[in-house]
Amino acid sequence: MIWQYSPLPPLLLISAVLTAVIAFIAWKNRRSPGGVALTIFLSAATIWSAAYALEFSAADLESNLLFTDIEYFGIAIVPIALLAFALSYTGREHLLTRSRVLLLALFPALTIIAMLSNDLHHLYYTGFTPSIDGGAVIWLFHYGPLFWIFWSIAALLILAALVLLITHLFDAPAAYRSQIGLLLIAFIVPLIANVLYVLKIGPVPGLDLTPVGFLVTGLTLEAATIRYQFFSVTPLARSLLPRITTDSMIVVNESGRIVDINPSAATIAGLPEEAAIGIPFDRVFPSLKPVVAGCTEETGMSEAEVAMTVGGQARVFISRCQRTKESSRDMAGYLIVLHDVTDLLHEKATLKKVNEKIGILGDITRHDILNQLTAVTGYMDLALDSEDIGEIRGDLRKSLAAAENVRHQLEFTRDYSSLGRGSSRWFDLVAVAQSALIYAEQNGMQAGISCNGVKICADPLIERALFNLAHNAVAYSRTATEFRISCTLAGDGLVLFVGDNGIGIPDEEKEIIFRHGVGKHTGLGLFMVREILGITGMTIRETGTAGSGACFAIMVPPGCFRIDRTGEDVVTR
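UniProt numbering numbers the first residue of the sequence shown as 1 and each following residue consecutively.
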């Protein structure tokens with residue numbers, strides 16, 4: 001064996017060490033899509049680079065042929081390993097059945113056999129010619145038909161792998177394109193170097209720069225690992241998430257990093273989809289950490305109710321976590337689905353509250369109706385026993401008044417039973433106040449509203465609530481000639497003022513007028529108003545001055561009103 005010095009072998013050994021290190025990292029992450037295939041590819045590249053460094057350091061033909069034989073244990077494996085990686089990485093691992101893998105394995109096996117037996121047939125290499133460049137001996141290999149068959153098949157396998165990756169580049173989300181782009185660079189550079197070597201194109205014929213290209217492969221994969229979490233974050237999970245859904249969905253790999261997220265979940269995170277990918281999920285969704293921890297291999301899934309702040313508002317979600325598999329062997333991680341139940345819980349709580357109130361009110365109403373019916377029958381008995389026409393008429397009037405009260409009680413019970421039954425929704429305040437304004441005008445008042453562009457979230461009975469306030473102004477104000485509704489912003493909330501210019505309400509009655517049964521007739525109107533408003537968190541109190549008119553201030557909480565700036569902005573501050 002004759003050794004020679006050249007600056008190239010140290011560079012080749014650096015390439016071999018780098019690909020060996022990346023191969024070790026790939027093996028540690030072998031459960032990632034394509035991890036095993038990439039380990040084999042990089043190991044083969046390491047053998048190729050290290051053996052070529054020794055080949056280039058030897059000047060005699062016998063040593064060159066020995067190290068070339070060793071090289072082929074890497075050269076023959078590179079194409080099929082790269083194709084297997086591309087299939088796995090792009091989500092086509094199901095195509096790598098055992099029979100197909102064995103069929104692919106025949107290619108490197110037959111190639112190595114043909115190479116090692118070349119002395120018997122000379123169909124792989126037909127001859128060898130020495131040349132000298134820069135003081136170093138370089139042996140030129142003359143290719144036989146078996147070489148060209150091997151090289152053509154190898155080139156087709158590598159091109160197929162590159163086509164898969166290029167197609168995936170266009171299909172993948174933007175967050176993954178840089179990662180895939182680096183992979184393409186990592187694999188294309190050695191391919192170009194090998195084509196130049198085989199076709200003897202370049203300043204130094206016979207110099208194989210493919211192992212030097214593997215140095216670029218190693219550096220590029222290292223950059224992809226550090227910058228884009230190549231082994232932790234891959235675009236395979238994309239197929240798990242529908243992009244159009246009201247539910248929020250996140251895919252987390254076993255390293256705890258977000259590998260995909262749909263637009264709804266990105267909104268909760270307060271990040272663009274691309275920015276969220278690759279971030280540890282517990283940094284973005286800390287409240288979901290116990291949910292994922294409960295999703296073990298034994299249970300397979302977990303479910304919990306979690307509270308999160310979205311856009312400054314508290315929301316409640318039912319979170320479901322399920323372990324996901326991309327193949328029968330590899331575990332991708334976890335699929336987390338968040339279903340917003342805030343409105344549902346609010347409606348359930350409202351309905352429960354209303355049902356409780358209806359039960360209490362039912363007992364009160366039955367008691368009141370029985371009292372009124374007792375009065376009806378009592379006055380009727382008095383009328384029957386009396387012979388005086390005046391007394392009979394008086395008793396009948398009192399009986400009719402008691403019966404009228406029963407009718408009011410039954411109408412109120414009907415309306416109250418509807419309280420909270422309809423889902424709260426958005427109403428244009430001007431539109432929903434029209435029946436109240438028309439009623440006031442029909443009873444001789446000047447009526448108006450200055451809340452253009454204001455929408456409120458309320459129970460469908462909100463129209464009845466405003467009508468009751470107008471009815472209250474007509475029935476009790478006596479001297480009132482105006483009925484007005486106005487809006488004022490107060491802090492984060494909105495205040496609706498509903499008032500008249502009548503006699504007003506004394507200070508000692510400002511709160512008791514909202515109690516059930518308090519009033520000149522049935523005492524149900526203002527009680528009903530407060531109940532309707534309370535469904536969506538609104539409150540009401542009387543703020544007017546006795547002698548100057550009544551004024552009811554309705555406080556609308558944040559989130560329950562909107563102001564459309566395209567309309568006439570008459571909301572004061």
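We treat Cβ as the ideally placed atom computed from N, Cα and C, and that holds for glycine.
Burial state of G547 is exposed, judged by a 10 Å Cβ sphere holding fewer than 16 other Cβ atoms.
In this structure, A402 sits away from F427, with a CB-CB distance that is not shorter than 7 Å. For the beta strand (DSSP E) assignment, the uninterrupted runs of no fewer than 3 residues enclosed by the region 437 to 493 are, from N- to C-terminal side, 446 to 450, 454 to 458 and 482 to 490. Around the Cβ of R464, a 10 Å sphere holds 16 or more other Cβ atoms; the residue is buried. With contacts defined as CB atoms closer than 7 Å, I75 and W48 qualify as a contacting pair. The beta carbon of R177 lies closer than 7 Å to those of L169 in the same chain, with the five residues before and after it left out. Between the region 506 to 513 and the region 484 to 496 there are fewer than three inter-stretch CB-CB distances shorter than 8 Å, so the stretches are not counted as touching. By the Cβ neighbour-count rule, N355 is exposed, with fewer than 16 other Cβ atoms within 10 Å of its own.
Under DSSP, N253 takes part in a beta bridge, and its partners are G333. Annotation: the continuous beta strand (DSSP E) that includes E305 extends over M301 to V310.
Boundaries of the beta strand (DSSP E) harbouring Y143: A136 to Y143, taken from the DSSP string. DSSP places G202 in no beta strand (DSSP E); its state is neither H nor E.
Taken atom to atom, the span from the alpha-carbon of Y379 to that of I392 is near 9 Å.
The DSSP-derived three-state label of H339 is strand. By the criterion of a C-beta distance shorter than 8 Å, I188 is surrounded in its chain by L162, once the five residues flanking it on both sides are discounted. Judged by beta-carbon spacing, Q322 lies within the 7 Å limit of M301, meaning their Cβ atoms are closer than that value.
Around the Cβ of D208, a 10 Å sphere holds 16 or more other Cβ atoms; the residue is buried.
In the three-state reduction of the DSSP assignment, F56 falls in the helix class.
Look at D564 here: in three-state DSSP terms it is coil, with no helix or strand label. The closest CA to that of P290, considering only Y334, E222 and S264, is found on Y334. In this structure, the beta-carbon distance from T267 to S424 does not fall below 7 Å.
Looking at the backbone, the Cα of D60 and that of Y89 are separated by about 43 Å. If the five residues before and after I149 are omitted, its C-beta is found closer than 8 Å to no C-beta atom of its own chain. As DSSP reads the structure, C551 sits in a beta bridge with G499.
Straight through space, the alpha carbons of P286 and L66 are spaced by roughly 59 Å. Listed in chain order, the non-local C-beta contacts of E55 below 8 Å within the same chain comprise S63, N64, F67, T68 and E71, local neighbours out to five positions each way being set aside.
For the region 79 to 166, the continuous beta strand (DSSP E) assignments of 3+ residues that do not extend past its boundaries occur at 125 to 133 and 136 to 143, in sequence order. Note that the C-beta distance between T210 and A186 is not below 7 Å.
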